[in-house]
Amino acid sequence: MAKKITDNISWVGKVDWELKMFHGNELSTRRGSSYNSYLLRGASKTVLLDTVWGPYDREFVSRLRQEIDLKKIDAVVMQHNESDHSGALVELMRAIPGTPIYCTAKGEAILRGHYHQDWNYVNVKTGDKLDLGGGESLTFIEAPMLHWPDTMFSYYDGCGGVLFSNDGFGQHYASENLFNDEVPEGEMMREAEKYFANILGPFCPMVTRKVKEILAMNLPLKLICPSHGVIWRRNPEQIVEKYLAWADAYAENQVTIVYDTMWNSTRLMAEAIARGIRSAAPEITVKLFNAAKFDKNNILTEVFHSRALLIGSPTINNGYSFAIAGLLEMVKGLKLKKKIGASFGSYGWSGEGVKLLNEHLAAAGFALADEGIRVQWVPDADALAQCEEYGRAFAAKLA
Amino acid sequence: MKKYTCDVCGYEYDPANGDPDNGIAPGTAFEDLPVDWVCPVCGVGKDEFSPAE
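Top to bottom, those sequences are chains A and B.
With the working numbering, letter number 255 in the first sequence gets 255, and the count goes up by one each step, no holes.
With the working numbering, letter number 17 in the second sequence gets 416, and the count goes up by one each step, no holes.
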């Protein structure tokens, strides 16, 4: 069923409580998600902004028919054409094939590349307006790499000001409620941060520039309507401010220790290092995660949230473990800034794991705190004391 | 003339080729690209480019 946002804007998307993985298996979505599509009825023109993911295309179109005679849709605005937003377009355009699709030039290329259809594309740029009648309009704002080349936002000057921000300010967060003031704030904000860290993290310079550009426009703003999760109604500025903070080499006073372990030696090292950090600097939050057992994207969010990352792996086959290799690849992709890194691990004979981890951390942009620490075979009391001392020294470097 | 790489998407601007699809003739140095020129792949500005190694 459509849900009313204002007198002339309705939510016509799909809440997906079942979604647990996104981007194939790259991103976990533990709290589900939603694909938000919005129907905006102006005085003389009706516009549909974005659609939903392909598996829900028929459900989407049939429910949209209950809300409006499809022929009364004057334009479809595609702000970003990844399949979670464009997947229902083929089904929709079958019913209204000549309806103009407003998108960026890159958006057209992506739609053509995905669906191979010669639809009625209308390319728009920043500042272009779609007149809705009654003195109101929808203004387009290109937002390249937030988070694809085609991304744009759309600003509606009615209803006190509504920013349709597509994936920007979104959360993979399923809710039967529409607004941020209707859901538990803590869990929703955690999803907003996870979304930023995993999706927008690599594009922080563009986030900063685009957010500042929009703030400089001094637009009245009552609502921010993203394409996933809840709408920002209560204090919509809060998420804009959060984005500025998150995009600016964000770090809380936290150290995250991520390790893998075969016979518990590297785990014992991780725990001893954590004790050392805590004893030297009790104000620092220390968290430990076994990379092979915990949700990789939640770990990445913790790393994003931290000042420093300690990464540990036993040396195996002259390298490091499968789980650590995968996680490091993802860490590198996030292009984190101003973070401190160090490595540790147990070994039996060759023992090059720590050196290789250091190289990977440096390549990922981390400032190495030191050479790291290794223990051969199973750490005894002396070795664990050395790990604790290592933790204390590491904490001192963060002071 | 130096090649430049887009830090965001990895596109390489080669002055020998220019960017003819966007009106940049072959032989145009990166420094001589107009200020509003953007990466033809991902759309970010010149300041997101670094000299290629």
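Ideal placement from N, C-alpha and C gives every residue a C-beta, glycine not left out.
Since we're looking at a predicted model, the values are computed, not measured.
Residue closest to residue i, alpha-carbon to alpha-carbon, out of the options
i, options, result
"residue 246 of chain A", "A/322, A/338, A/309", "A/338"
"residue 66 of chain A", "A/24, A/110, A/45, A/11", "A/11"
"residue 326 of chain A", "A/124, A/357, A/32", "A/357"
"residue 417 of chain B", "B/433, B/406, B/408", "B/433"
"residue 109 of chain A", "A/288, A/188, A/79, A/96", "A/79"
"residue 51 of chain A", "A/84, A/26, A/21, A/74", "A/84"
"residue 441 of chain B", "A/306, A/394, A/203", "A/203"
"residue 82 of chain A", "A/370, A/318, A/106, A/40", "A/106"
"residue 412 of chain A", "A/392, A/41, A/57", "Residue 412 of chain A lies beyond the residue range present for chain A, which begins at 1 and ends at 399; the question has no answer from this structure."
"residue 68 of chain A", "A/306, A/175, A/96, A/54", "A/96"
"residue 214 of chain A", "A/126, A/73, A/267", "A/126"
"residue 398 of chain A", "A/308, A/244, A/132, A/94", "A/308"
"residue 362 of chain A", "A/378, A/73, A/341", "A/341"
"residue 343 of chain A", "A/319, A/336, A/369", "A/369"
"residue 147 of chain A", "A/6, A/289, A/359, A/334", "A/334"
"residue 253 of chain A", "A/285, A/267, A/227", "A/285"
"residue 426 of chain B", "B/444, B/403, B/436, B/414", "B/414"
"residue 228 of chain A", "A/1, A/208, A/8, A/22", "A/22"
"residue 94 of chain A", "A/104, A/111, A/77, A/70", "A/70"
"residue 373 of chain A", "A/383, A/189, A/207", "A/383"
Contact list for residue i against chain A, beta-carbon separation under 8 angstroms
i, result
"residue 434 of chain B", "The contacting residues do not exist; residue 434 of chain B stays about 14 angstroms from chain A at best."
"residue 426 of chain B", "Neighbours of residue 426 of chain B on chain A: none; closest Cβ ~25 angstroms, over 8 angstroms."
"residue 409 of chain B", "The premise fails here: residue 409 of chain B is roughly 12 angstroms from chain A at the closest Cβ pair, so nothing lies under 8 angstroms."
"residue 422 of chain B", "Chain A residues near residue 422 of chain B: none, gap ~14 angstroms exceeds 8 angstroms."
Counted within 10 angstroms of its Cβ, other Cβ atoms place residue i as buried (16 or more) or exposed
i, result
"residue 376 of chain A", "exposed"
"residue 14 of chain A", "buried"
"residue 181 of chain A", "exposed"
"residue 153 of chain A", "buried"
"residue 263 of chain A", "exposed"
"residue 256 of chain A", "buried"
"residue 210 of chain A", "buried"
"residue 450 of chain B", "exposed"
"residue 205 of chain A", "buried"
"residue 149 of chain A", "buried"
"residue 31 of chain A", "buried"
"residue 88 of chain A", "buried"
"residue 53 of chain A", "buried"
"residue 145 of chain A", "buried"
Helix, strand or coil at residue i [DSSP, three-state]
i, result
"residue 254 of chain A", "strand"
"residue 8 of chain A", "coil"
"residue 16 of chain A", "strand"
"residue 141 of chain A", "strand"
"residue 376 of chain A", "strand"
"residue 269 of chain A", "helix"
"residue 113 of chain A", "helix"
"residue 68 of chain A", "coil"
"residue 131 of chain A", "strand"
"residue 246 of chain A", "helix"
"residue 287 of chain A", "strand"
"residue 412 of chain B", "strand"
"residue 298 of chain A", "helix"
Chain-ordered neighbours of residue i on chain A, where CB pairs are closer than 9 angstroms
i, result
"residue 447 of chain B", "145, 205, 206"
Closer than 7 angstroms at the beta carbon, the chain A residues around residue i
i, result
"residue 417 of chain B", "In chain order: nothing, as chain A lies at least about 19 angstroms away."
Partners in chain B for residue i, counting only beta-carbon separations shorter than 8 angstroms
i, result
"residue 337 of chain A", "Within 8 angstroms Cβ-Cβ: nothing; residue 337 of chain A doesn't reach chain B, min ~12 angstroms."
"residue 149 of chain A", "408, 440, 441, 442"
Residue i: CB within 7 angstroms of a non-hydrogen atom of the ligand NAD
i, result
"residue 226 of chain A", "This structure lacks the ligand NAD; in fact it carries no ligand of any kind."
Chain-ordered chain B contacts of residue i [CB-CB under 7 angstroms]
i, result
"residue 106 of chain A", "442"
> Looking at C-beta atoms only, is the number of pairs between the region 350-363 of chain A and the region 307-315 of chain A that lie closer than 8 angstroms three or more?
Replying inline: In this structure the region 350-363 of chain A lies against the region 307-315 of chain A, because at least three pairs of beta carbons, one per stretch, are closer than 8 angstroms.
> Taking one C-beta from the region 324-335 of chain A and one from the region 195-212 of chain A each time, how about it: are there three or more such pairs within less than 8 angstroms?
Replying inline: Yes, the region 324-335 of chain A touches the region 195-212 of chain A.
> Is the region 95-109 of chain A close to the region 120-129 of chain A, with three or more CB pairs under 8 angstroms?
Replying inline: yes
>> With three or more beta-carbon pairs closer than 8 angstroms as the criterion, would you say the region 211-226 of chain A touches the region 266-280 of chain A?
In response: no
> Does the region 37-50 of chain A come within contact of the region 134-144 of chain A, defined as at least 3 CB pairs closer than 8 angstroms?
Replying inline: Flag = yes, the region 37-50 of chain A and the region 134-144 of chain A touch.
> Is there contact between the region 142-157 of chain A and the region 170-181 of chain A, where contact requires at least three CB pairs shorter than 8 angstroms?
Replying inline: no
>> With a threshold of 8 angstroms, are at least 3 pairs of Cβ atoms found where one atom belongs to the region 315-324 of chain A and the other to the region 283-303 of chain A?
In response: yes
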